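Each residue of the sequence shown is one higher than the last, beginning at 720 in the working numbering. Encoded as structure tokens, the structure appears first; notes follow it.
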Amino acid sequence: MLKFTYKNVPYIKNSLVLIGASAFILFVFWFLLYLYIFPTIKETAHNSINTQLQIIKQDTLEDLDFAKTSLERLAGRLSLINIHQELRLESIGNISDITPVFDQVTILDRDLNIVYQKPEYSSLVQEGNDKQILNRVLQEKFTLLSDIKYNHNTEEIYISISTPIYNGNKIVGILKGAYNIENNFFNPTIMNTTLGFTGSTFIVDSKGFLLAHGNNKLIGLHVEEIVVGDLFKGVNDSLSNDNVVFQEFKTLEGIKRVLAATYLLDNFIIGVSYDQAELYEPKVQLEKAFIFLTFLTLIIILIAGLWLNRKISLPFTLLTEQADKIAKGDFSAPLPTKRDKETIYIINALKRVLNEKDRLLIQTIQMISTTLEKRDAYTAGHSRRVTEYALQIANYMNLSKEERSDLELGALLHDIGKVGVPDYVLLKSGKLTNEEFNLIKLHPVYGDDIIKNIDSLNKIRPIVRSHHERWDGRGYPDRLKGTDIHLLARITCVADAFDAMTSDRPYRKGLMETKAVEIIKNEVGKQFDPEVVEAFLKWKLGRR
720 MLKFTYKNVP
730 YIKNSLVLIG
740 ASAFILFVFW
750 FLLYLYIFPT
760 IKETAHNSIN
770 TQLQIIKQDT
780 LEDLDFAKTS
790 LERLAGRLSL
800 INIHQELRLE
810 SIGNISDITP
820 VFDQVTILDR
830 DLNIVYQKPE
840 YSSLVQEGND
850 KQILNRVLQE
860 KFTLLSDIKY
870 NHNTEEIYIS
880 ISTPIYNGNK
890 IVGILKGAYN
900 IENNFFNPTI
910 MNTTLGFTGS
920 TFIVDSKGFL
930 LAHGNNKLIG
940 LHVEEIVVGD
950 LFKGVNDSLS
960 NDNVVFQEFK
970 TLEGIKRVLA
980 ATYLLDNFII
990 GVSYDQAELY
1000 EPKVQLEKAF
1010 IFLTFLTLII
1020 ILIAGLWLNR
1030 KISLPFTLLT
1040 EQADKIAKGD
1050 FSAPLPTKRD
1060 KETIYIINAL
1070 KRVLNEKDRL
1080 LIQTIQMIST
1090 TLEKRDAYTA
1100 GHSRRVTEYA
1110 LQIANYMNLS
1120 KEERSDLELG
1130 ALLHDIGKVG
1140 VPDYVLLKSG
1150 KLTNEEFNLI
1160 KLHPVYGDDI
1170 IKNIDSLNKI
1180 RPIVRSHHER
1190 WDGRGYPDRL
1200 KGTDIHLLAR
1210 ITCVADAFDA
1220 MTSDRPYRKG
1230 LMETKAVEII
1240 KNEVGKQFDP
1250 EVVEAFLKWK
1260 LGRR
């Protein structure tokens, strides 16, 4: 006998299939986010400490090159009557002028005998006068640097710089300077103030001993005495030429850290390290946000799935019940005839599903944006305000519905790249240094990298990447000019600037709106698109 059943097995089965399919799609979506966004955030963090490392290394080498050049210039000015006799008084004066650069200056003759030394005694003088280096100076006729040396007694780190002294074309002696690293280009106390809360810079010799570190107690120790595992060997084996190695490790205290290291002066290694908790904090925050949103959305899907399945099935309830009666022999049971109304009901239900999908997408984006803004209490609500201002400007520019939708989403996510900016820069209450401002200027690139692999967000990439470009071509990151800048990015630029000027900051109070409007008017044709500013003024001044 033919039998139709609706109220039990088929309904439950349909509900489970719908819920399972929805959950599968959801988890695929989060998996793709985890696959593409999280690695990008980690890569951004590595790029950040690599930038710091390269700046520190470059400054170190520039300071060292300055010392080397200073010594060579002094050697060129020295006028020796006889290397074994007195020096001219003006030569003594020249040496006195340069001694602030060096802790000790020594003049030796061709037989490497000391004929002048100031001061006469210094803990930085190496026993044996670096004879191997000095002989090479005489033979090769070049300025040479010794290896980095660490004095365990005085806890001083230094390099000896030696350059030849000529009398005509003949080498008559050597000028040697003892250059204290800590007193000149590597002062950990100063450098740590620019490395966040847990960052530190270090120098390691070719044997793995720490020559310099933000924590003075660690200087002189071997790397393996303070970390778990063979960290030095792993880093040293991976280094070659000017490449940078990133390595995660754990200290003996159980603190998880990550370092970026590269060569400094042949076999010496310079590096920067951070606690992983600080460096990967944006990643951890997003992971927590994604987990929360996953469970929240799953609950919504469970509820909506059951409700939707029941709503979709309701128009067919009478049909299946009557079919069961007919199958049992009750031929008097009438079949439903209002199929048009039921079809309309199904179509309306599907429309509600689509509207709900759009609403959930917007809510999800807003929650991600809010999560990002919670890193900085002073900019909370910034993205929402910029979105509101941008849409107000758009009202006077005859944009299509699709363009307005793209503008709304792009403005909401325009600062998503700030997730890659270190907290010590993003949350700094005072004026930013040039180095810190350069890190801030990378956030449009970081934002573009985050969303470039998400097809549904491709149309808003120009907004995220180009909202700091200027009409006159002096903006960043690509120095685009005029109409080469996407229109929606030009609109977001004005909205962003207006909110930045009228919002309070720890170091200044926000401007009055009238003052901000005046500044924007003055920047027409320079920072801002004249057409966009015209629409902005119509909105603010209430004109059509």
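Note that CB positions come from ideal geometry on N, CA and C, so glycine has one too. Nothing here was measured: the structure is a model prediction, and the numbers come from that model.
Alpha-carbon to alpha-carbon, residue j and residue i
i, j, result
"K1240", "G1229", "18 Å"
"L1126", "V1183", "10 Å"
"K776", "T920", "10 Å"
"V1164", "P1196", "7 Å"
"E1237", "K1147", "28 Å"
"E1250", "T1202", "11 Å"
"H765", "V991", "11 Å"
"I880", "K860", "13 Å"
"D782", "S789", "11 Å"
"L863", "A1235", "58 Å"
"A1254", "A1113", "8 Å"
"Q1004", "G1149", "25 Å"
Three-way DSSP call (helix, strand, coil) for residue i in this model
i, result
"D1218", "helix"
"P1196", "coil"
"I900", "coil"
"K697", "Any answer about residue 697 is impossible in this case: the structure gives the chain only from 720 up to 1263."
"F1014", "helix"
"H932", "strand"
"L894", "strand"
"I1204", "coil"
"Q1246", "coil"
"G739", "helix"
"P1141", "coil"
"P883", "strand"
"L971", "coil"
"K837", "strand"
"I938", "coil"
Contacting residues, own chain, Cβ-Cβ under 8 Å from residue i (five flanking each side not counted)
i, result
"I867", "I876, Y877, I878, I900, I922, D924, L930, L984 and F987"
"N960", "Y982"
"L940", "F928 and L929"
"T1221", "G1229, L1230, M1231, E1232 and A1235"
Residue span of the alpha helix (DSSP H) that contains residue i, given as start and end
i, result
"S1148", "Here S1148 belongs to no alpha helix (DSSP H), and DSSP marks it neither H nor E."
"Y1108", "H1101 to A1113"
"R1227", "Unbroken run through R1227: none, as it is neither H nor E."
"G1166", "H1162 to I1170"
"S994", "In the sequence as displayed, the identity of residue 994 is Asp instead of Ser. Note, D994: premise wrong, no alpha helix (DSSP H); beta strand (DSSP E) at F987 to D994."
"V923", "No alpha helix (DSSP H) contains V923, which is instead part of the beta strand (DSSP E) from S919 to V923."
"V1236", "E1232 to N1241"
"G1129", "K1120 to L1131"
"S1185", "R1180 to S1185"
Neighbourhood of residue i by C-beta distance below 6 Å, restricted to the same chain and skipping five residues each side
i, result
"D1248", "W1190 and R1209"
"V1243", "P1249 and V1252"
"V820", "A786 and S789"
"K1245", "D1191"
Endpoints, beta strand (DSSP E) assigned at residue i
i, result
"L1256", "Per DSSP, L1256 belongs to no beta strand (DSSP E); it is in the alpha helix (DSSP H), P1249 to L1260."
"R976", "K975 to L983"
"V824", "Q823 to D828"
"E944", "That residue, E944, is in no beta strand (DSSP E); it is neither H nor E in DSSP."
Sequence-distant residues of its chain with Cβ nearer than 7 Å to residue i (five each side left out)
i, result
"L993", "The displayed chain sequence assigns Tyr, not Leu, to residue 993. Closer than 7 Å at the Cβ level, and outside the excluded window around Y993, lie I768, G915, T917, G918, R976 and V977."
"K1104", "Looking at the sequence provided, one finds Arg at residue 1104 rather than Lys. Excluding positions up to five away in sequence, the list reads D1218."
(message) Counting beta carbon pairs with one atom in the segment 1102 to 1110 and one in the segment 1157 to 1164, are three or more of them shorter than 8 Å?
(response) no
(message) Taking contact to mean 3 or more Cβ pairs, one atom from each stretch, closer than 8 Å, check whether the segment 936 to 954 and the segment 965 to 972 are in contact.
(response) yes
(request) Mind the definition here: the segment 1123 to 1139 touches the segment 1167 to 1184 only if three or more C-beta pairs lie below 8 Å; say whether that holds. (result) yes
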